[in-house]
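In full-length UniProt numbering, the protein residues as written are 1 to 150.
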């Protein structure tokens, strides 16, 4: 039993190390994206159930969508590694360091936030007016400039 326990610990440590490398380390942004993604999925399931539209195919699509989001963030983290190796820190403005991974995470955080708010609306959970206005502005600007990938 101890052998199995040690192997599970080793596999978990190895996966954590690999994921940490892919995502450019564990950051507050990455943790926020994980939390937002989980909360979005849960509110999406609840909203679908509330509306009588719960469907396993849609649920599977939701999981696939989340996997793809984290895939994009991992690719962005790899791009950051390549840039750092080849060019040094090419995206620094004074003390402020920019990264492709951080920009990607911020993009998906906004999308997840919008989705969570829409799901809460479907559940008749009040969303503060200031948040509704912010979401409206994000959506309008993103669609006007063709920036929001749906």
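Positions of the beta carbon are idealized from the N, C-alpha and C atoms, including for glycine.
Using beta-carbon positions only, say whether residue 129 and residue 46 come within less than 8 Å of one another.
For this step, residue 129 is matched to residue 129 along the chain shown. For this step, residue 46 is matched to residue 46 along the chain shown. The criterion of a C-beta distance shorter than 8 Å is not satisfied by residue 129 and residue 46.
Whole angstroms is fine: what's the gap from residue 104's alpha carbon to residue 76's?
As a first step, residue 104 is located in the chain shown; it is residue number 104 there, counting from the start. As a first step, residue 76 is located in the chain shown; it is residue number 76 there, counting from the start. So the alpha carbons of these two residues sit roughly 7 Å apart.
Alpha carbon to alpha carbon, how far is residue 6 from residue 19?
Walking along the chain shown from the start, residue 6 turns up at place 6. Walking along the chain shown from the start, residue 19 turns up at place 19. When rounded, the distance between both Cα atoms is 20 Å.
For the putative contact between residue 37 and residue 69, defined by C-beta atoms under 8 Å, what is the C-beta separation to the nearest angstrom?
Along the chain shown, read from residue 1 onward, the residue named residue 37 stands at position 37. Along the chain shown, read from residue 1 onward, the residue named residue 69 stands at position 69. Right, the Cβ-Cβ distance comes to about 7 Å (below 8 Å), so this counts as a contact.
For the alpha helix (DSSP H) that residue 53 lies in, which residues bound it at each end?
What you label residue 53 is simply residue 53 of the chain shown in a count that begins at 1. Taken as a continuous stretch (DSSP letters only), residue 53 belongs to no alpha helix (DSSP H), as it is neither H nor E.
Can you give me the Cβ contacts of residue 16 inside the same chain, cut-off strictly under 6 Å, excluding the 5 residues immediately before and after it?
Counting from one through the chain shown, the residue named residue 16 turns up at place 16. Cβ within range, chain order: n/a, list empty.
How many angstroms separate the CA atom of residue 29 from the CA atom of residue 52?
Your numbering for residue 29 matches position 29 in the chain shown. Your numbering for residue 52 matches position 52 in the chain shown. Those two C-alpha atoms are separated by around 34 Å.
Please return the same chain residues whose Cβ sits closer than 7 Å to the Cβ of residue 39, not counting the five positions on each side in sequence.
On the chain shown, position 39 is the one that residue 39 refers to. So the list reads 116, once near-sequence residues are dropped.
How would you label residue 85, buried or exposed, when you count the other beta carbons within 10 angstroms and need 16 or more for buried?
Counted from its first residue, the chain shown places residue 85 at position 85. Result: exposed.
Can the beta-carbon of residue 64 be found less than 8 Å from the beta-carbon of residue 80?
Numbered from its first residue, the chain shown carries residue 64 at position 64. Numbered from its first residue, the chain shown carries residue 80 at position 80. The answer is no: Cβ separation not under 8 Å.
For residue 33 versus residue 78, is the C-beta spacing smaller than 8 Å?
Numbered from its first residue, the chain shown carries residue 33 at position 33. Numbered from its first residue, the chain shown carries residue 78 at position 78. No, the pair does not count as a contact, with Cβ atoms beyond the cut-off.
Going by C-alpha to C-alpha distance, which of 88, 35 and 111 sits closest to residue 135?
For the purposes of this step, residue 135 is identified with residue 135 of the chain shown, where counting begins at 1. Nearest of 88, 35 and 111 to residue 135, Cα basis: 111.
Within 10 angstroms of its Cβ, does residue 99 collect 16 or more other Cβ (buried), or is it exposed?
Residue mapping note: residue 99 aligns to position 99 of the chain shown, counting from 1. With 16 or more other Cβ atoms inside 10 Å of its own Cβ, residue 99 counts as buried.
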